[in-house]
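Residue numbers for the sequence shown follow this note's numbering, beginning at 3 and rising by one.
To keep things clear, I will list the structure first and then write my remarks on it.
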Amino acid sequence: MPRSASLYTVFALALITALTSVFGLWRGTDGAGWKQTIRSDARGYYGYLQALFIRNDLGHEPFESAYVKYTPTGTLNKYYCGTSVLMAPWFGIGHAFALADPASPKDGLSAYEQKAIGIGAWLYLLLGLLALRALFQALGIRDGVIAWTLLAVVLATPLLQYAAIQPGWSHVYSFATIAAFLLAVNRISNGHGPRWTIAAGALLGLVVLIRPVNVMVVLATPLVAAHGIGPLVRHLLRQRATLLAILAGLVVFAIQPLLWYAQTGAFYAYGYRGEGFHWTRPEVFKVLFGFRRGLFLWSPVLLLPALGAILLWRMDRLRAATAMIHWATSTYVISSWWIWYYGGGYASRVYIDHYPVLLVPMVLVLQRCQGRCWVAVRVFIILCVALNLAQLWQYHHGFLHQESMDREKYRYTFLRFDEGHRDKLGGNYQEAPYNPNGMSVVLEETCGMDDSCTFWSNGKRVQVPWAHSPSTVCQFDRGTEFGLAFSADTDTLPVGRALYLEVGLQRYEARREASLSALAVTEVRNAKGVVYFYQPFRINPVPGTPGVWQQLEYRIPIPPLMRGDRLNFYFWNKDKTAEFFLDDVFMRISAMNPY
């Protein structure tokens, strides 16, 4: 490769990211896809900016169940503000354009602000890649290895998704700041001036301000220290700038306590009530290999960093041990979070923050990879890029389930691009609510269609010789919109405790995809009959086999009920096009034990 291939690669990747945003996010299907920039987690980060600079209501924000928590004095944004801090300059630029345009909305959600956030994400990705390139050069890595590694980390992992399509999430910001922090540590270890020491302190403060658990990046400092950790520590202890670095980090992180105080009147507030870590129940295998979000299944290129950490042992035991400790620590923390797959999204997004660390042992090993070894590595990277881009396309065109991928769904859709496999997945199989002390069953009922049941009711019931048991089934046909339903109120269910629904049933269809459009709906109504929780989904995880009874199961978390609430679960033939039969329905409801 030419001498400057890695630099060309960096700018080419930034251009690809920008084009992906413009044509993949901004245009969407109706020319207004940019409206999806601020959604889900991004609403919480962006909410700080709206509350501070537009509505002036921080601490008294309109309720948003996704991120606003009620407090005795008002409201609390549950998120840490580091992402908001890095968004702020781009928000300011976009909002200035919005104010200058009489036709533009002034609520912070115009095209100007949301597109500006995307442009900012491109820049942070560019800066992160430049920092990694500089770090790898300082470690003595040849230009070809650097170029191929940077190509792999953007195009063969979900980093492209979270820089181009979901720029409002925290991951590209963590990626950039951690890469810059590692570069600063390397510069310090090479004897560069005190400004790098101060920069490292400020960057570490920003890393923690974005995502506090990422403080574990300090474990990786031996990986990038030029002459070992001992000389680095001695150098820092002798420098006056070290005190300034500590002060810089504290000043940066102090933004968060000030925002807590502005919202609650206290310098500390915990926004993640009802969420936390299951330290004794980490889902390590699912996190690394599972079909839902498995790191190595969805991003097999990351096998190279994992293998690199092992092979590095023969070259540099301190760095190898550091890499293994970081792998183990980050994986343990990630897999211990109560919702280990971190909600809906593409692939394993939380590891993006750690890519700068994970790539170091990979490039150190690849530096010695020559001849056939180097050819094989590049072929593997190309195949991983092709797989990732293909699955990313599937994700955005209705072939992959946004939330509940599993073995069966993965097998059904793997490298399928035809219309016969588009928009065919359904089901609902979510993790239980945070329950450090476990859960207790509060209601359980199995209902065959031959007898009346306590909580299951309604439905068109017919007798057929092929019933699952013994002779009666619930029929849905083109004249039936609603049928079998479950209902229970707070006379039966506890209040103030998160619930978990385990639903099972037998479903029969006479022809293929006859029940494709059928929905199941979970809803909660308050004492006035107002629905405040509503979650519909297709009943079939994948298209079924006609002519046989098939067991379907769902797992659905429900927020804590209030007195007078009613929980409903029902089946809905919304378009009156589905034709199918149900039998032997089952409902178990568990409640979180107090903690």
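No residue lacks a Cβ here, since even glycine has one placed at the ideal position from N, Cα and C.
For residue i, which three-state DSSP category applies?
i    : result
P438 : coil
M589 : strand
C449 : strand
L21  : helix
F93  : helix
F583 : strand
R29  : coil
A14  : helix
Q241 : coil
M3   : For M3, the predicted model reports a pLDDT of 46, less than 50, meaning its position is unreliable; a value from the coordinates is still stated below. The answer is coil: DSSP assigns M3 none of H, G, I, E or B.
D479 : coil
F287 : helix
S459 : strand
W574 : strand
R413 : helix
P559 : strand
Y357 : helix
Give the single residue among the options whose Cα lies nearest to the Cα of residue i.
i    : options                   : result
F484 : R514, L521 and L501       : L521
W124 : H470, L314, F401 and A14  : A14
D491 : G122, S8, R197 and I591   : I591
Q265 : L78, R513, I212 and T85   : L78
I95  : F279, G120 and T85        : G120
L153 : G142, E525, L127 and A182 : L127
Y272 : H280, T282 and Q258       : Q258
V303 : Y348, Y502 and L361       : L361
L234 : R197, V381, E446 and I190 : I190
E525 : Y510, W551 and I558       : I558
A250 : V215, R197 and Y263       : R197
V174 : L131, E433, I560 and V367 : L131
N216 : V335, G310, G230 and P307 : V335
A349 : Q168, P596 and A102       : Q168
F573 : I248, K117, F583 and W315 : F583
V352 : G506, T39, L290 and M441  : L290
Y270 : P496, F255, L445 and W342 : F255
V359 : Q372, A378 and H328       : H328
L54  : W262, G207, Y397 and D408 : W262
Rounded to a whole number of angstroms, what is the C-alpha to C-alpha distance between residue i and residue j?
i    : j    : result
A243 : G203 : 10 Å
V475 : P538 : 23 Å
L184 : F287 : 29 Å
V2   : M326 : Beyond the ends of the chain as shown, which are 3 and 597, falls residue 2; an answer cannot be given.
M3   : A140 : Residue placement at M3 is poorly supported in this model, since its pLDDT is 46, which falls under 50; the coordinates still yield a value, given next. Whole-angstrom Cα-Cα distance: 19 Å.
T324 : N188 : 15 Å
L563 : T547 : 38 Å
P363 : A322 : 7 Å
L134 : T179 : 11 Å
Y48  : E115 : 10 Å
N528 : F298 : 43 Å
Q52  : R45  : 10 Å
Y597 : G498 : 12 Å
R283 : G428 : 28 Å
T85  : G122 : 11 Å
C2   : I231 : Absent from the model: residue 2. The displayed extent of the chain is 3 to 597, so no value can be given.
T456 : E504 : 17 Å
E63  : R565 : 25 Å
Assign residue i to one of two classes, buried (16 or more other C-beta atoms within 10 Å of its C-beta) or exposed (fewer than that).
i    : result
G346 : exposed
L60  : buried
F25  : exposed
S176 : buried
A158 : buried
E410 : exposed
W395 : exposed
C449 : buried
S616 : Residue numbering for the chain in the displayed model covers 3 to 597; residue 616 lies beyond these limits and cannot be assessed.
T223 : buried
S459 : exposed
H470 : buried
T415 : buried
H229 : exposed
T19  : buried
L21  : exposed
Taking only beta-carbon atoms, is residue i less than 8 Å away from chain C?
i    : result
A500 : Any reference to chain C falls outside this structure, which holds one protein chain only.
Closer than 7 Å to a non-hydrogen atom of the ligand FMN - does that hold for the CB of residue i?
i    : result
M407 : With respect to the ligand FMN, the structure shown offers nothing to examine, as it has no ligands at all.
What residue ranges within the stretch 182 to 224 form continuous alpha helix (DSSP H) runs of no fewer than 4 residues, ordered along the chain?
Along the length of the stretch 182 to 224, whole alpha helix (DSSP H) runs at least 4 residues long occupy 196 to 212, reported in chain order.
Whole beta strand (DSSP E) elements within the stretch 361 to 402, 3-residue minimum:
Whole beta strand (DSSP E) segments, 3+ residues: zero.
Segments assigned alpha helix (DSSP H), at least 4 residues, entirely inside the stretch 114 to 161
Those alpha helix (DSSP H) runs which fall completely within the stretch 114 to 161 and span 4+ residues are 145 to 157.
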